[in-house]
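Asker:
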């Protein structure tokens, strides 16, 4: 089992609230990722990080921010939640290397009312 | 055009059947290839990596055809526990992974 954790697992919140989704891994992985997945749809990359103090934007990054101050921690922040943000958010990490795969956390299910 | 395309199915097969899933990818420079399994409302989990020479893990066989940009997964002797969505995943030359929409499999008793 992968040692990657996400909190909260479920969140119901009102429109306009600021949200931070937490992701932590204890595997010492350099690379971390945030994805958004709607039911029956593919994963879409939101942000990723090569390592501490390194972050890059994915396809859906415009309404969120991330930080990578510590190797093990990669939080995602939505400054102002909207109903369109309702989705599942998956965090993943991997060690550097061509063939190295990603390990996923259990996900956060977000409902914005 | 999507980076990774899969037949979404659903595939409904009887126990013991052999089933094959296919996937195509658009970037010929892609470096790494994987099949993930995702159960309903759960996170994706690695099923197997896919190598150019083809590889097998028990009842599962994966093949890669770089010339055709095509990946396949064969499941033999299907079990009820194989019911899930199977995701084809491709990594580009950078650090980004691209996921297919997944192929849904239901194994019927």
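Chains as they are written, first to last, in the working numbering: chain Y, 267 to 379; chain S, 5 to 113.
We put the CB at the ideal spot given by N, CA and C, even for glycine.
Remember, it's a predicted structure, so these values are computed and weren't measured experimentally.
(1) If I measure Cβ to Cβ from residue 292 of chain Y and keep anything under 7 Å in the same chain, skipping five residues before and after, which residues do I get?
(2) Just to confirm the assignment, what range does the beta strand (DSSP E) spanning residue 75 of chain S have?
(3) Compare the C-beta of residue 277 of chain Y against all C-beta atoms of chain S and say whether one is closer than 7 Å.
(4) Under 7 Å Cβ to Cβ from residue 92 of chain S, same chain only, skipping five residues before and after it: list those, please.
(5) In chain Y, which residues lie less than 8 Å from residue 100 of chain S when you measure between Cβ atoms?
(6) Would you identify the three-state DSSP class for residue 381 of chain Y, choosing helix, strand or coil?
(7) Got a sec: is the Cβ-Cβ distance from residue 377 of chain Y to anything in chain S below 7 Å?
(8) With three or more beta-carbon pairs closer than 8 Å as the criterion, would you say the stretch 16-33 of chain S touches the stretch 79-97 of chain S?
(9) Can you tell me which of the three DSSP states residue 60 of chain S falls into?
(10) Would you grab the beta carbon distance between residue 312 of chain Y and residue 303 of chain Y for me? Rounded to a whole angstrom, and I think it's under 8 Å.
(11) Sort S/70, S/68 and S/78 by Cα distance to residue 61 of chain S and report the nearest one.
(12) Evaluate residue 285 of chain Y with the Cβ neighbour count: other Cβ atoms within 10 Å of its Cβ, from every protein chain shown; 16 or more gives buried, anything less gives exposed.
(13) Compare the C-beta of residue 373 of chain Y with all C-beta atoms of chain S and state if any pair is closer than 7 Å.
(14) Run down chain Y in chain order and give the residues with a C-beta less than 8 Å from the C-beta of residue 47 of chain S.
(15) Assess, as a yes-or-no matter, whether the stretch 56-72 of chain S is touched by the stretch 346-354 of chain Y under the definition of 3 or more beta carbon pairs within less than 8 Å.
Answerer: Looking at the coordinates:
(1) Looking up residue 292 of chain Y in the first chain gives position 26. 269 and 338, listed in sequence order.
(2) Position 71 of the second chain, counted from the start, is the residue given in the question as residue 75 of chain S. 74-79 is the span of the beta strand (DSSP E), which, as asked, contains residue 75 of chain S.
(3) The residue labelled residue 277 of chain Y in the question sits at position 11 within the first chain. For residue 277 of chain Y, the answer is no, since every Cβ of chain S falls outside 7 Å of its Cβ.
(4) Residue 92 of chain S sits at position 88 when you count from the first residue of the second chain. Here the set comprises 8, 10, 27, 39, 75 and 104.
(5) Locating residue 100 of chain S in the second chain gives position 96, where the first residue counts as 1. Ordered by position in chain Y, the residues that pass the 8 Å Cβ test against residue 100 of chain S are 311, 314 and 324.
(6) Outside the displayed span of chain Y (267 to 379) sits residue 381 of chain Y, for which this structure offers no information.
(7) Counted from its first residue, the first chain places residue 377 of chain Y at position 111. For residue 377 of chain Y, the answer is no, since every Cβ of chain S falls outside 7 Å of its Cβ.
(8) yes
(9) Residue mapping note: residue 60 of chain S aligns to position 56 of the second chain, counting from 1. Residue 60 of chain S falls in the strand class under three-state DSSP.
(10) Reading the first chain from its first residue, position 46 is the one you call residue 312 of chain Y. Reading the first chain from its first residue, position 37 is the one you call residue 303 of chain Y. Not really, about 10 Å apart at Cβ, beyond 8 Å.
(11) Sequence index remark: in the second chain, residue 61 of chain S carries index 57 (1-based). When only C-alpha atoms are compared, the closest one is S/78.
(12) Residue mapping note: residue 285 of chain Y aligns to position 19 of the first chain, counting from 1. The residue is buried, with at least 16 neighbouring Cβ atoms inside 10 Å.
(13) Taking the first chain and counting its residues from 1, the one referred to as residue 373 of chain Y is at position 107. Residue 373 of chain Y counts as touching chain S.
(14) Sequence index remark: in the second chain, residue 47 of chain S carries index 43 (1-based). Within chain Y, the residues near residue 47 of chain S are 356, 370, 371, 372 and 373.
(15) no
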